[in-house]
Amino acid sequence: MRSEEEIIKSKLSTYKPAFNEGDWQAMEKMLDNKKDKKPIFIWWKYGLAIGIISLFAMGVGAYMYANKTKNTNTLTQVDAINNSSVNNNINNKVNNTSSTIQSTNSEASMKVATNDIVQNKSKTLSNKETNTKNSVNNISASNKSTSNSLFSNKGNSSRNISTQIPTNTTINTLENIVQDNIRSMQRNEFISFAMSSIDKINQSTEERTVCNTITDFANVKDKKHISKIPLEFSLTAQASGVINLALYQNKVNLYIDQLSDAGVLGQVMIGKRFGLYTGISYVDRLSKRNVDSSLYNDVSYTNSVVKKDKIEGVAIPIGVTVSLYKQAYVQVYTKVGVNNIIPIRQTTVVEFNNDPIPPTAPTNTQQYGNTIVSSSLDNSFASNLYETSNKTASNNSFSKVYKTKPAEKYQAELQIALGLKAKMTKNLAFTFEPAYRLGIKNRSRTEHTHGITVSGGFVYTF
Amino acid sequence: MDKDIFEGCARGERLAQKKLYEKYYGKMMAVCMRYAHSRDEGATILNEGFFKVFNKISSFDIENGNVEAWMYRIMVNTSIDHYRQEVKQRNIKEFDTNLHSYDTDKSDVIADLSAEDIIDLIQQLPTAYRTVFNMYVMEGMTHKEIAEELQINEGTSKSNLFKAKAKMQELVKMKFSVNYKLLEK
Chain A
8 MRSEEEIIKS KLSTYKPAFN EGDWQAMEKM LDNKKDKKPI FIWWKYGLAI
58 GIISLFAMGV GAYMYANKTK NTNTLTQVDA INNSSVNNNI NNKVNNTSST
108 IQSTNSEASM KVATNDIVQN KSKTLSNKET NTKNSVNNIS ASNKSTSNSL
158 FSNKGNSSRN ISTQIPTNTT INTLENIVQD NIRSMQRNEF ISFAMSSIDK
208 INQSTEERTV CNTITDFANV KDKKHISKIP LEFSLTAQAS GVINLALYQN
258 KVNLYIDQLS DAGVLGQVMI GKRFGLYTGI SYVDRLSKRN VDSSLYNDVS
308 YTNSVVKKDK IEGVAIPIGV TVSLYKQAYV QVYTKVGVNN IIPIRQTTVV
358 EFNNDPIPPT APTNTQQYGN TIVSSSLDNS FASNLYETSN KTASNNSFSK
408 VYKTKPAEKY QAELQIALGL KAKMTKNLAF TFEPAYRLGI KNRSRTEHTH
458 GITVSGGFVY TF
Chain B
1293 MDKDIFEGCA RGERLAQKKL YEKYYGKMMA VCMRYAHSRD EGATILNEGF
1343 FKVFNKISSF DIENGNVEAW MYRIMVNTSI DHYRQEVKQR NIKEFDTNLH
1393 SYDTDKSDVI ADLSAEDIID LIQQLPTAYR TVFNMYVMEG MTHKEIAEEL
1443 QINEGTSKSN LFKAKAKMQE LVKMKFSVNY KLLEK
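Going line by line, the protein sequences match chains A and B. Note that our numbering has the first sequence beginning at 8, numbered continuously upward. Note that our numbering has the second sequence beginning at 1293, numbered continuously upward.
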C-alpha cells in the first residue's frame, strides 16, 4: 500500500489548480474587513476609557462638592438653630424673664426675681452645663484642624466676636451679637463664641439656655450625614425581557426579545432629588423572529428564515434620576437616559427548511440536507464575516450561523424607567426597575424596536 | 523578487498582496482542496490561510526562511483548525476503532487516475478520514503526532487511515465501473 500512497503523493505534489479571480476578490473583501475592524476596536476602547474617566471625574467632583457644601450646610444648620424650638425657648425665657422683671417694677425686686430663677434652676441645670462644656470641648478638638484650614480667616473674626461679649452679660446682649453675626459664623466660630459666652455669663438662667442651644447645635452638627452630599456608587446586574413592537415594512411584528445587561453603574446625587448616572456594561440583544427579510429573499433559499439575530456589545448609559418619593427605607424614582451601545459582534442564524419544490440552483451551490443554498447568501454576509458554521436543527431543516461584525458602529436606546429602591441594610438596597426602551439609533437592521423591560439590581451607597 | 513582494505585503500594499497570492495560489490551493470537501470550502480555507500569512508576514525572516514551507505549514494548520471547528459544530462521529481488511493491490488503478480525480476522491471521504489521510500520507506525520494534533487516540488515527483507504478503494471501484459501463455503451 505504501506504493499506492507514494503514487498519490507524487501525483498531488505537482498538482496546481489554476488561479481563480473570484477567490482573490473574496480575499480582498477579507482584507478590507480587517481594515474596518480596527476602528471598531478603537471605538470600543475609547468607549471604555470614556466610561471609566466619567465615573472617576464624577467621583472626584462629588467628593469636592461634598466638602464644599459641608461648610455651606453649616450656615444652614445655624439658620435652622436660629429658627429652632430651642432658640424659641431662648426668646421665651427672655420674654418670661423680662415679664418677671417688669412685674416686679423695682430694681430690688428684679434682683430677687432673678436670683429665685437662678436658684430654682441652677441645680437641675448644673449637670447639663458640665455636659455641654464637655461636648463643646470634644467637638472643638475633633474639628480643630479642619476648621482652621478651611476657615482660617473667619477664625479670626470669631475671636473678635467673642471679645465683644462683656463680662456678666445678659441673654439679650448675647442674642443681639448672635443675630448680628450668625450668618457669617461658621461652626468653629459658633463653638468659640459659645464657650466665651459660658465663661462670661455667670450663674444665670440664660447661661443654661445658651448651653442648651450649644448642645443642640453640637448634636445637629454631629450627625455627619446631614452635611454630606449623598454620593452613590451602585453595582447593578440586570437581566431583562422585553415585549417588542417591531415595525417592519409598516407591519407590526410582535415577538419576545431577550435583553441582558450586566455592568457597573455609578450615580451621584446632586441635592436630595436629582442625580446623574453613568457606567459601563456588557449588553446582549437577542431577537428571535420569523419575519421574511428582503436580505434573504433570493430564489435559491425561499424557505430560509432568520431565526435569531443577536447583537453583543458594550453600553455606556448616561442619564438623570429624579427622586419622586423618599422615606427611610423606600424610595421611588424615575430615570431618563440614553444607552449608548457600541456593537462588537452580530450573530445571525438562518434556518433552511425542507423545500417541497427544489429551488433553482445557481452556480457555486452547496447542498445542505435537502436544500440547495446559493453561495450568494454567504456573500451577503461575507463583507463583515468573522466566522460561519453549520448546525443541523432537525432532520428536515438546517441552520447556518453567521458571526459578523455589526453593520452599525453605534446604536442608542432611550430609556425611561420608574424605579423602586428598598433598603436592606444601611448601605445596601435592591432595585426593581420597569422601563420603556426605544431604539433611537440603528436598533437592528431595518427595524425600530421599542418595548417594555423589567430589570433589577443591587445598590451600594457609599 | 520575493523580497520586494514580501516587503510590499508587510506595508499592506494590495498589489504586492495580489502578486504573492497569485504566485502561491496553485500550490496552496492544492493543499487546501485536499482537506476540504468541496472546491468552495478549499477556497475558504485558502483565504483564511492567506489572511494569516498577510497578518504575520512582517515577522517572517525572508533572508533565512523558506517562504513556501512557511506558507504550506500555515495552510495545513488552517485546514486542521477548520476541521476542528467543524467537529465542534457538527459533532462528527465518524471515528471508528474497528479495523477492517481491504484489497491492497490497487496501486495500478490509482496510477491511472489524474490529480484532479484523486482530489475528487479525497474530497468525497468523510471529514475525519480525509483529515487523517492527508496528515499521514501527504504530511508524513506519525499516528502519534496525528493523535496529539486532533486530540484523538492513536488507535482511532490508525483506524481512520485504514477506513479512508478502504473508502478510497470503494470510490475508485465505483468510478471505474462507471467508466467501464460508459465504454461498454
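Yeah, the Cβ is synthetic: ideal placement off N, Cα and C, and Gly gets one too.
Where residue i and residue j are concerned, what is the direct C-alpha to C-alpha distance, given to the nearest angstrom?
{"i": "residue 1427 (chain B)", "j": "residue 40 (chain A)", "result": "32 Å"}
{"i": "residue 1387 (chain B)", "j": "residue 1379 (chain B)", "result": "Only weak support exists for where residue 1387 (chain B) lies, its pLDDT of 44 falling under 50; the value from the coordinates is given anyway. Using only the alpha carbons, I get a separation of about 11 Å."}
{"i": "residue 347 (chain A)", "j": "residue 1333 (chain B)", "result": "39 Å"}
{"i": "residue 1304 (chain B)", "j": "residue 38 (chain A)", "result": "9 Å"}
{"i": "residue 1297 (chain B)", "j": "residue 290 (chain A)", "result": "43 Å"}
{"i": "residue 334 (chain A)", "j": "residue 424 (chain A)", "result": "20 Å"}
{"i": "residue 61 (chain A)", "j": "residue 321 (chain A)", "result": "15 Å"}
{"i": "residue 35 (chain A)", "j": "residue 1447 (chain B)", "result": "42 Å"}
{"i": "residue 65 (chain A)", "j": "residue 332 (chain A)", "result": "24 Å"}
{"i": "residue 1455 (chain B)", "j": "residue 1421 (chain B)", "result": "7 Å"}
{"i": "residue 324 (chain A)", "j": "residue 1452 (chain B)", "result": "55 Å"}
{"i": "residue 1406 (chain B)", "j": "residue 23 (chain A)", "result": "12 Å"}
{"i": "residue 1342 (chain B)", "j": "residue 468 (chain A)", "result": "54 Å"}
{"i": "residue 1299 (chain B)", "j": "residue 440 (chain A)", "result": "58 Å"}
{"i": "residue 1315 (chain B)", "j": "residue 1364 (chain B)", "result": "13 Å"}
{"i": "residue 278 (chain A)", "j": "residue 329 (chain A)", "result": "10 Å"}
{"i": "residue 317 (chain A)", "j": "residue 269 (chain A)", "result": "16 Å"}
{"i": "residue 1463 (chain B)", "j": "residue 1403 (chain B)", "result": "15 Å"}
{"i": "residue 1417 (chain B)", "j": "residue 1408 (chain B)", "result": "15 Å"}
{"i": "residue 7 (chain A)", "j": "residue 275 (chain A)", "result": "The structure shown has nothing for residue 7 (chain A), since chain A only spans 8 to 469."}
{"i": "residue 1435 (chain B)", "j": "residue 1367 (chain B)", "result": "20 Å"}
{"i": "residue 110 (chain A)", "j": "residue 338 (chain A)", "result": "For residue 110 (chain A), the predicted model reports a pLDDT of 43, less than 50, meaning its position is unreliable; a value from the coordinates is still stated below. Distance between the alpha carbons of residue 110 (chain A) and residue 338 (chain A): 55 Å."}
{"i": "residue 4 (chain A)", "j": "residue 59 (chain A)", "result": "No answer is possible for residue 4 (chain A): it lies beyond the span of chain A, which begins at 8 and ends at 469."}
{"i": "residue 1301 (chain B)", "j": "residue 1450 (chain B)", "result": "41 Å"}
{"i": "residue 464 (chain A)", "j": "residue 1374 (chain B)", "result": "42 Å"}
{"i": "residue 1465 (chain B)", "j": "residue 1458 (chain B)", "result": "11 Å"}
{"i": "residue 350 (chain A)", "j": "residue 1432 (chain B)", "result": "45 Å"}
{"i": "residue 416 (chain A)", "j": "residue 1461 (chain B)", "result": "53 Å"}
Can you round the beta-carbon distance between residue i and residue j to whole angstroms, since I take them to be within the 8 Å contact cut?
{"i": "residue 272 (chain A)", "j": "residue 284 (chain A)", "result": "6 Å"}
{"i": "residue 345 (chain A)", "j": "residue 427 (chain A)", "result": "Contact doesn't hold; Cβ gap of about 22 Å is too wide."}
{"i": "residue 1359 (chain B)", "j": "residue 1412 (chain B)", "result": "With a Cβ gap of about 29 Å, residue 1359 (chain B) and residue 1412 (chain B) do not count as contacting."}
{"i": "residue 447 (chain A)", "j": "residue 414 (chain A)", "result": "Contact flag wrong, Cβ pair sits at about 17 Å."}
{"i": "residue 356 (chain A)", "j": "residue 408 (chain A)", "result": "5 Å"}
{"i": "residue 15 (chain A)", "j": "residue 1410 (chain B)", "result": "6 Å"}
{"i": "residue 1351 (chain B)", "j": "residue 1415 (chain B)", "result": "The pair is not a contact, with the Cβ atoms about 33 Å apart (cut-off 8 Å)."}
{"i": "residue 327 (chain A)", "j": "residue 282 (chain A)", "result": "7 Å"}
{"i": "residue 430 (chain A)", "j": "residue 336 (chain A)", "result": "4 Å"}
{"i": "residue 352 (chain A)", "j": "residue 315 (chain A)", "result": "That belief does not hold up - the Cβ atoms of residue 352 (chain A) and residue 315 (chain A) are roughly 13 Å apart, past 8 Å."}
{"i": "residue 1318 (chain B)", "j": "residue 26 (chain A)", "result": "7 Å"}
What in chain A is Cβ-close to residue i, meaning under 7 Å?
{"i": "residue 1339 (chain B)", "result": "30, 33, 34, 37"}
{"i": "residue 1298 (chain B)", "result": "The premise fails here: residue 1298 (chain B) is roughly 16 Å from chain A at the closest Cβ pair, so nothing lies under 7 Å."}
{"i": "residue 1313 (chain B)", "result": "31, 34"}
{"i": "residue 1321 (chain B)", "result": "24"}
{"i": "residue 1352 (chain B)", "result": "By Cβ distance, chain A contributes nothing, its closest Cβ being about 17 Å from residue 1352 (chain B), past 7 Å."}
{"i": "residue 1402 (chain B)", "result": "11, 14, 15"}
Below 9 Å on C-beta distance, what does residue i contact in chain A?
{"i": "residue 1286 (chain B)", "result": "Missing from the structure shown is residue 1286 (chain B); chain B here goes from 1293 to 1477 and no further."}
{"i": "residue 1318 (chain B)", "result": "22, 23, 24, 25, 26"}
For residue i, go through chain B and note every residue whose CB falls closer than 8 Å to its CB, in chain order.
{"i": "residue 483 (chain A)", "result": "Past the boundaries of the shown model lies residue 483 (chain A); chain A is included only from 8 to 469, so the question cannot be answered."}
{"i": "residue 415 (chain A)", "result": "The premise fails here: residue 415 (chain A) is roughly 24 Å from chain B at the closest Cβ pair, so nothing lies under 8 Å."}
Using a C-beta to C-beta distance shorter than 8 Å, which residues of chain A count as neighbours of residue i?
{"i": "residue 1411 (chain B)", "result": "19, 22"}
{"i": "residue 1407 (chain B)", "result": "18, 19, 21, 22"}
Which chain B residues sit within Cβ distance under 9 Å of residue i?
{"i": "residue 16 (chain A)", "result": "1429, 1430, 1432"}
So which residues on chain E does residue i lean against when the C-beta distance must stay under 7 Å?
{"i": "residue 12 (chain A)", "result": "Considering every chain present, this structure includes no chain E. Its protein chains are A and B."}
With three or more beta-carbon pairs closer than 8 Å as the criterion, would you say the region 27-36 of chain A touches the region 1328-1348 of chain B?
yes
Segment contact flag, the region 1341-1356 of chain B with the region 1434-1441 of chain B, C-beta cutoff 8 Å, min 3 pairs:
Touching, no, given that fewer than three Cβ pairs across the two stretches are closer than 8 Å.
Does the count of Cβ pairs from the region 427-444 of chain A and the region 1300-1315 of chain B closer than 8 Å reach three?
no
Touching by the beta-carbon criterion (3+ pairs, under 8 Å), the region 11-24 of chain A and the region 1317-1324 of chain B
Of all C-beta pairs linking the region 11-24 of chain A to the region 1317-1324 of chain B, three or more are shorter than 8 Å, placing the two stretches in contact.
Quick check for students: name the residue ranges of the alpha helix (DSSP H) that lie wholly in the region 9-45 of chain A, counting only runs of 4 or more.
9-20
Every unbroken beta strand (DSSP E) within the region 423-452 of chain A, with a cutoff of 3 residues, ordered by chain
435-448
Quick check on the DSSP output: what are the complete alpha helix (DSSP H) runs of length 4 or more inside the region 1313-1356 of chain B, in order along the chain?
You should have 1331-1348.
Runs of 4 residues minimum, wholly inside the region 1415-1462 of chain B: which ones carry the alpha helix (DSSP H) assignment?
With a minimum length of 4 residues, the continuous alpha helix (DSSP H) runs that stay inside the region 1415-1462 of chain B are 1419-1425, 1435-1442.
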